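Participant: Protein chains in written order, with full-length UniProt numbering: chain U, 1 to 345; chain D, 1 to 345; chain S, 1 to 345; chain X, 1 to 345. Mind looking over this structure? Questions follow.
Protein chains: 4
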Amino acid sequence: MIKIGIVGGTGYTGVELLRILATHPQAQITAITSRKEDGLPVSEMYPSLRGRVDIAFSAPDKANLKECDVVFFATPHGVAMAQAPELLAAGVKVIDLAADFRMKNVAEFEKWYGIPHTCTEVLDEAVYGLPELNRAAIKTARVVGNPGCYPTTMQLGFSPLLKAGIIDAGNLIADCKSGVSGAGRKAELGLLFSETSDTFKAYGVSGHRHTPETIEQLQRISKDPVGLLFTPHLVPMIRGMHSTLYARLNTEISNEDLQALFENAYKDEVFVDVLPFGSHPETRSTRASNMLRLALHRPNNGNTVVILVVQDNLVKGASGQAVQCMNLMFGLEEGTGLMHVPVLP
Amino acid sequence: MIKIGIVGGTGYTGVELLRILATHPQAQITAITSRKEDGLPVSEMYPSLRGRVDIAFSAPDKANLKECDVVFFATPHGVAMAQAPELLAAGVKVIDLAADFRMKNVAEFEKWYGIPHTCTEVLDEAVYGLPELNRAAIKTARVVGNPGCYPTTMQLGFSPLLKAGIIDAGNLIADCKSGVSGAGRKAELGLLFSETSDTFKAYGVSGHRHTPETIEQLQRISKDPVGLLFTPHLVPMIRGMHSTLYARLNTEISNEDLQALFENAYKDEVFVDVLPFGSHPETRSTRASNMLRLALHRPNNGNTVVILVVQDNLVKGASGQAVQCMNLMFGLEEGTGLMHVPVLP
Amino acid sequence: MIKIGIVGGTGYTGVELLRILATHPQAQITAITSRKEDGLPVSEMYPSLRGRVDIAFSAPDKANLKECDVVFFATPHGVAMAQAPELLAAGVKVIDLAADFRMKNVAEFEKWYGIPHTCTEVLDEAVYGLPELNRAAIKTARVVGNPGCYPTTMQLGFSPLLKAGIIDAGNLIADCKSGVSGAGRKAELGLLFSETSDTFKAYGVSGHRHTPETIEQLQRISKDPVGLLFTPHLVPMIRGMHSTLYARLNTEISNEDLQALFENAYKDEVFVDVLPFGSHPETRSTRASNMLRLALHRPNNGNTVVILVVQDNLVKGASGQAVQCMNLMFGLEEGTGLMHVPVLP
Amino acid sequence: MIKIGIVGGTGYTGVELLRILATHPQAQITAITSRKEDGLPVSEMYPSLRGRVDIAFSAPDKANLKECDVVFFATPHGVAMAQAPELLAAGVKVIDLAADFRMKNVAEFEKWYGIPHTCTEVLDEAVYGLPELNRAAIKTARVVGNPGCYPTTMQLGFSPLLKAGIIDAGNLIADCKSGVSGAGRKAELGLLFSETSDTFKAYGVSGHRHTPETIEQLQRISKDPVGLLFTPHLVPMIRGMHSTLYARLNTEISNEDLQALFENAYKDEVFVDVLPFGSHPETRSTRASNMLRLALHRPNNGNTVVILVVQDNLVKGASGQAVQCMNLMFGLEEGTGLMHVPVLP
């Protein structure tokens, strides 16, 4: 059994980790920290876990995180970088669901997150936790930076085209839509039901921190300089993310070959599902599961490819992907504990 | 492995059976019928099942249902009674998710469902499939009438009080609220998003068919004649059912003793969770799981007990309960394949 | 033109007052206060008001409220009682949308609201602002306590029966459901979209402050002591309130006579609509309007009457009713500026 | 008073016409047709109209539409073209909310709508009913083709840039999102609450009939050939439309000049609101009103302009715009009866 610690388990990625790990056959949750909720049984905050997760929150200093095999950070940005060195020194692996270990470019990190990076030596060895594009490195990693939710969809959607070198890398557009849980569990007016229900809006259009993360990763697989216009929107639904990706072809290619390109790219993947050409995937077809589904379109048979990508932002976009990384880091089958069938309706 | 047939798998209870059975370790789905969708892979109608359920719908006459060990009817009322005799004769067990085998009183059935009951000999042997109140009979049953969603909450909420004989059985009130999926997957104007979202209403207040079903069952455990006022409402949510039950005490009893009465009644139950006295259970604490949770209140310390009961109408209120019955009928652990952790948020 | 001040205009009842008053032919909004948003144009916080409401928030001390004809308090409990005396002394009328002037019983107020009542002399002259039951007093009032949202539905639903003396006044049950905006615009976790969407729950079942307010008013029209069990629930919708009221008849009466009782009671009312017997009103049939609709049922032709009452909690349940009171206090037609057609779908 | 007939008043654009016209000071609804609902009072289908619209549906042959001053067609495509000639001959003006009179290119119409155009002589004189771009022609029109909902946002968003000739007209992208009411009031499985709530998807990505309509209109104001990629999506909300428009600049221009371009274009418009540069308009800021709001962005100060456009799809996107056209056709103030303040929250 893998002994698991969770730092900051009161948010949505935290409770989602608990939901997944509660039925993971190799997982034993040994500590979950919350300064504020010290002593409170997890199931009192989340009655959905009554009878399934019997642990209580403990203050960070009381939790023996160093005795864990792996610690997940489901915390705000900046927490993992402060605690990772000590854990790593004690032989504990680290998976950060925030941004501390996502971007190698420290200046960009500091610009977009507004805090200094205090742990660049760990950052240097950190591995970007997108298994489909970085599996080998994750298997041997001690510390993983779990991808952002939007970047997961953009990378899995654009990468087959970029690798093939058949699109104009400098003019990518990603028009993305997320359920409200993506904004986290924060007591903010803008996230109230009466503010977000029955309405729709964009946000961060002039610039969003998931742009540099995505560009850094896409650049690793593109010969040409990557340019990305990323527009996030807020959808009145709890879970779910839909990315509508636009790429300009720079060569002639048939729809059949386009489809084959994607099917080959993901033919061995458990969690990426390429739908038939021209399909319209719904976010609910992935709800509460680790699946990501995508489909290709070629409007008017022109030279623009439209890739539709859906996932559950809290699973493949966060906690599920983190467990997928853990499985790889500990030599388990990649799908262990992650084979939930999506909940529909 | 239990060979399973599903008749009428295109509705919500059908797809929910598939979601549950897809990961049930003893289940092998061998046939799923739909006259209209003959030949269509199930996963084309429900992309959530892609890669998980590989069977296609087949026309009823082509499906070799007699070779199954058990057949679930996820059909409109009247279908199971027509097909059950032949299946039973072939040694196949039957679980009907509709109302054909719920009520022993044929006259009441015919009055409320508007069709003649054509299979009263099977009805005579049929067992009411509420495991918590009828477990022994289910274990040996050949044919089970799976309870209605509302009746499940009303029975599990009222029965400890009725058994104890401490309430006025003739004046029960059940003010119940259901998510829209409870109305089924039907192309009706009244179920459209734009008709049911951001609004709330009661329906069937003057009389609803779940009243006689519930009274028949409650009467089995009550010495005094049962009188029940049942008011259903439609909530703008997909899944979830919340029943607010009112009962007048006819004796003095402390809140502690009331709570103990319920905790004892359900102390060995896997799927019934008695919350601390005065709690307010949310439907989402049971979402996509087979749990039913309830809590007791005693407003102003008066002589009325209020019981709050929540469940997922498609799981404990329908398909999960049906699988729970199947487990009992085949000698499996009652929770086999049903231990999903509720999806929250 | 009536010069109007609004204290505390950043919440939902505040912006709803602005929406209504912006097209009220006799209203001139001259001041709206917010300590925190001093100087901010109202339309920057609420872009829905761009081009329609040109005023800015001003700090309370800068607003010349004493030059208004009437001041609405759309504030937390306790604010109106602190400021009312000075305004009244200056000849300004006061309408409080909070609870300060609703209940004559000071002890009950202090028990339920947890603050001392510091202005009992104003409370003595305050008039309860439910026009349909208290019109004459409102017309001559200097200070009005605007009713709570739930109490409005309970009073208009029960009062014809209580006045006629044909129900058991001591055993009223009100099972009520409210949209989330009823909880106000507060940065609280429990009100987040991801916490309240796609779920349903009761709250305050053991006791809620709208119970004593309602009892106090109902007692005014009932010979017998009023007993009320009130159970509020939270519905995943923005606006709308649905009260399901249960009353036991203590006499024989036909359904026709029951219906006639209600139709007569409200035949001259602009804002109360008695639907045909056996109807199921939807909350959306009143959305964004000042209408309250109700319908009667007699399940199984028994001795319990069920009254279904719907309204928009922010209009007839709050700001619309306050403007209705203002119209009466200033000798205008009661419906002036309040004739919005409900928004459906 | 303008005598008004409505053909096909049972859908959402029909009931929205009624909501608006019920308080329009110059409107007198004299007939509303529905073959199926002949004799049914409108307010029985739509209780929101009780006491406000007293007319009943009448069968088409019984309604004296020729005695009207104007007839609105809130019908499926193909109905208006069949009835318009006779009405026009009788001196009745016609406003079609469907597509019969939107596109001058008959071949394109027939290709996308799948029906022959049987009334090309009326089509020849028909005027496209987008007042902000076609006001003069509307004023003198006898027959108006009311724009599609999506095309309204795309045209008002792109036209200032196209008129100025500063963008690459051949590579426009419109990523658009609509509330479910945009699909109409049809008994279809895909529009059920349980199918569309808590999920998000694109549809018609490979081709949608609003593309040729929009291109035809945009081409009228662009020197260069217009190319448009239009991707519609379905949002789990009732009303509201959000279009995210992408245009490549072909010249240097400051953000200030861009903003000024739009502010000048719409400075005299009652129903177009240009927000400050960099704003994120929400659909709810236009809910139930005829306002369209837009805002400009220039991500990373690059050469792509992003225009965010919001409207209520049933008002400015349909029935409100139709009444705006009617006002122009009858010489009224353009905003007559259309000055509803948006409903927020």
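Ideal Cβ positions, reconstructed from N, Cα and C, are used throughout, including at glycine. As the structure is a prediction and not an experimental result, all values here were calculated from the model.
Is the segment 197 to 208 of chain X in contact with the segment 226 to 240 of chain X, if contact means three or more CB pairs nearer than 8 Å?
Facilitator: yes
Participant: Using a Cβ-Cβ cut-off of less than 7 Å, list which residues of the segment 195 to 227 of chain U approach chain X; keep chain order.
Facilitator: 195, 198, 199, 200, 201, 202, 203, 205, 206 and 207
Participant: Which residues mark the beginning and the end of the alpha helix (DSSP H) in which residue 15 of chain D is found?
Facilitator: On the second sequence, position 15 is the one that residue 15 of chain D refers to. Element bounds for residue 15 of chain D: 12 to 21.
Participant: Using the beta-carbon count (16 or more within 10 Å), is residue 59 of chain D buried or exposed?
Facilitator: Position 59 of the second sequence, counting from 1, holds the residue named residue 59 of chain D. By the 10 Å Cβ count, residue 59 of chain D comes out exposed.
Participant: Taking Cβ positions, are residue 328 of chain X and residue 138 of chain X nearer each other than 9 Å?
Facilitator: As a working mapping, residue 328 of chain X is identified with position 328 in the fourth sequence. As a working mapping, residue 138 of chain X is identified with position 138 in the fourth sequence. Yes, the pair counts as a contact, with Cβ atoms nearer than the cut-off.
Participant: Would you mind giving the Cβ-Cβ distance between residue 33 of chain U and residue 11 of chain U, rounded to the nearest angstrom? I have them listed as a contact below 8 Å.
Facilitator: For the purposes of this step, residue 33 of chain U is taken as the residue at position 33 of the first sequence. For the purposes of this step, residue 11 of chain U is taken as the residue at position 11 of the first sequence. Their Cβ separation, rounded to whole angstroms, is 12 Å, which puts residue 33 of chain U and residue 11 of chain U out of contact at 8 Å.
Participant: Helix, strand or coil for residue 325 of chain S? Go by DSSP, reduced to three states.
Facilitator: Your numbering for residue 325 of chain S matches position 325 in the third sequence. Looking at residue 325 of chain S - three-state DSSP - the assignment turns out to be helix.
Participant: Hey, residue 144 of chain X and residue 122 of chain X are a contact pair by Cβ (cut 8 Å); roughly how many whole angstroms apart?
Facilitator: On the fourth sequence, residue 144 of chain X is found 144 positions in, with the first residue counted as 1. On the fourth sequence, residue 122 of chain X is found 122 positions in, with the first residue counted as 1. Rounded, the Cβ-Cβ distance is 11 Å, inconsistent with contact.
Participant: Using a Cβ-Cβ distance under 9 Å, would residue 188 of chain U count as near chain S?
Facilitator: Start at 1 with the first residue of the first sequence, and residue 188 of chain U comes out as number 188. For residue 188 of chain U, the answer is yes, since a Cβ of chain S falls inside 9 Å of its Cβ.
Participant: Counting only beta-carbon separations shorter than 9 Å, does residue 354 of chain S have a partner in chain D?
Facilitator: In the structure as shown, chain S begins at 1 and stops at 345. Residue 354 of chain S is therefore absent and cannot be evaluated.
Participant: Per the contact definition of three or more C-beta pairs closer than 8 Å, is the segment 297 to 310 of chain X in contact with the segment 151 to 161 of chain X?
Facilitator: yes
Participant: The segment 157 to 191 of chain D: which residues have C-beta closer than 7 Å to a C-beta of chain S, in chain order?
Facilitator: The segment 157 to 191 of chain D vs chain S, Cβ under 7 Å: 173, 175 and 177.
Participant: Taking 9 Å as the CB-CB limit, is residue 344 of chain U close to chain D?
Facilitator: Position 344 of the first sequence, counting from 1, holds the residue named residue 344 of chain U. Chain D contact via Cβ: present.
Participant: In the DSSP assignment, find the unbroken beta strand (DSSP E) run with residue 93 of chain S in it and report its ends.
Facilitator: Start at 1 with the first residue of the third sequence, and residue 93 of chain S comes out as number 93. That run of the beta strand (DSSP E) goes 93 to 96.
Participant: Since residue 88 of chain U contacts residue 322 of chain U with CB under 8 Å, what's their CB separation in whole angstroms?
Facilitator: Within the first sequence, the letter at position 88 stands for residue 88 of chain U. Within the first sequence, the letter at position 322 stands for residue 322 of chain U. Going by Cβ atoms, the distance from residue 88 of chain U to residue 322 of chain U rounds to 17 Å, so no, they are not a contact pair.
Participant: Going by DSSP, what residue range makes up the alpha helix (DSSP H) through residue 26 of chain S?
Facilitator: Residue numbering aside, residue 26 of chain S sits at position 26 when the third sequence is read from its first letter. Careful: residue 26 of chain S lies outside any alpha helix (DSSP H) and carries neither H nor E.
Participant: To the nearest angstrom, how far is it from the Cα of residue 54 of chain D to the Cα of residue 27 of chain D?
Facilitator: Working through the second sequence from its first residue, we reach residue 54 of chain D at position 54. Working through the second sequence from its first residue, we reach residue 27 of chain D at position 27. If I take the Cα positions, the gap works out to 14 Å.
Participant: For a contact meaning CB atoms closer than 9 Å, what does residue 4 of chain D contact in chain X?
Facilitator: Working through the second sequence from its first residue, we reach residue 4 of chain D at position 4. Result: empty, since nearest Cβ-Cβ is about 24 Å, beyond 9 Å.
Participant: If I'm right that residue 4 of chain S touches residue 69 of chain S with Cβ under 8 Å, what's the distance once you round it to whole angstroms?
Facilitator: As a working note, residue 4 of chain S is residue 4 in the third sequence. As a working note, residue 69 of chain S is residue 69 in the third sequence. Yes, residue 4 of chain S and residue 69 of chain S are in contact; Cβ-Cβ is about 7 Å, under 8 Å.
Participant: Would you mind reading off the limits of the alpha helix (DSSP H) that contains residue 111 of chain D?
Facilitator: Here residue 111 of chain D refers to the residue found at position 111 of the second sequence. That run of the alpha helix (DSSP H) goes 106 to 113.
Participant: Closer than 9 Å, CB to CB, is residue 153 of chain X near chain U or not?
Facilitator: The residue given as residue 153 of chain X occupies position 153 in the fourth sequence. Closer than 9 Å: no.
Participant: For residue 128 of chain U, list the residues DSSP reports as bridge partners.
Facilitator: Reading the first sequence from its first residue, position 128 is the one you call residue 128 of chain U. Bridge partners of residue 128 of chain U: U:145.
Participant: Once you ignore the five residues that flank residue 266 of chain X on each side, which residues in its own chain have a CB closer than 6 Å to its CB?
Facilitator: Position 266 of the fourth sequence, counting from 1, holds the residue named residue 266 of chain X. 272 and 274, listed in sequence order.
Participant: Could you check whether the Cβ of residue 238 of chain S sits closer than 9 Å to any Cβ belonging to chain U?
Facilitator: Your numbering for residue 238 of chain S matches position 238 in the third sequence. Cβ-Cβ to chain U under 9 Å: yes for residue 238 of chain S.
Participant: Could you tell me the distance, in whole angstroms, from the CA atom of residue 199 of chain S to the CA atom of residue 294 of chain X?
Facilitator: By one-based count along the third sequence, residue 199 of chain S stands at place 199. By one-based count along the fourth sequence, residue 294 of chain X stands at place 294. So the two alpha carbons sit approximately 34 Å from each other.
Participant: How would you label residue 191 of chain S, buried or exposed, when you count the other beta carbons within 10 angstroms and need 16 or more for buried?
Facilitator: Translated into positions along the third sequence, residue 191 of chain S becomes position 191. Buried.
Participant: Could you pull the DSSP bridge partners for residue 5 of chain U from this structure?
Facilitator: Numbered from its first residue, the first sequence carries residue 5 of chain U at position 5. U:31 and U:71, per the DSSP bridge assignment.
Participant: Counting only Cβ pairs nearer than 7 Å, list the residues of chain X close to residue 300 of chain U.
Facilitator: Against the first sequence, residue 300 of chain U aligns to sequence position 300. Per Cβ cutoff of 7 Å: 207.
Participant: Tell me the rounded alpha-carbon separation between residue 173 of chain D and residue 235 of chain S.
Facilitator: Taking the second sequence and counting its residues from 1, the one referred to as residue 173 of chain D is at position 173. Taking the third sequence and counting its residues from 1, the one referred to as residue 235 of chain S is at position 235. The straight-line gap from Cα to Cα measures roughly 20 Å.
Participant: Taking the C-alpha atoms as reference points, what is the distance between residue 259 of chain U and residue 278 of chain U?
Facilitator: Residue numbering aside, residue 259 of chain U sits at position 259 when the first sequence is read from its first letter. Residue numbering aside, residue 278 of chain U sits at position 278 when the first sequence is read from its first letter. So the alpha carbons of these two residues sit roughly 10 Å apart.
Participant: Do residue 305 of chain X and residue 115 of chain X have their C-beta atoms closer together than 9 Å?
Facilitator: As a working mapping, residue 305 of chain X is identified with position 305 in the fourth sequence. As a working mapping, residue 115 of chain X is identified with position 115 in the fourth sequence. No, the Cβ-Cβ distance between residue 305 of chain X and residue 115 of chain X is not below 9 Å.
Participant: Would you please verify whether the beta carbon of residue 282 of chain X is less than 9 Å from any beta carbon of chain S?
Facilitator: Within the fourth sequence, numbered from 1, the residue matching residue 282 of chain X stands at position 282. Yes - at least one Cβ of chain S is within 9 Å of the one on residue 282 of chain X.
Participant: Which residue from D:81, D:66, D:164 and D:240 puts its Cα closest to that of residue 251 of chain D?
Facilitator: Position 251 of the second sequence holds residue 251 of chain D. When only C-alpha atoms are compared, the closest one is D:164.
Participant: Rank D:149, D:286 and D:133 by C-alpha distance to the C-alpha of residue 98 of chain D and give the top, closest one.
Facilitator: Within the second sequence, numbered from 1, the residue matching residue 98 of chain D stands at position 98. Residue D:149 is the option with its Cα nearest to residue 98 of chain D.
Participant: Under a Cβ-count criterion, where at least 16 other Cβ atoms within 10 Å of its own Cβ denotes burial, should residue 189 of chain U be classed as buried or exposed?
Facilitator: Numbered from its first residue, the first sequence carries residue 189 of chain U at position 189. Its Cβ having fewer than 16 others within 10 Å, residue 189 of chain U is exposed.
Participant: May I ask you to list the residues that DSSP assigns as paired with residue 161 of chain D?
Facilitator: Within the second sequence, residue 161 of chain D is the residue found at index 161, counting from 1. Answer by DSSP bridge pairing: none, since residue 161 of chain D is not bridged.
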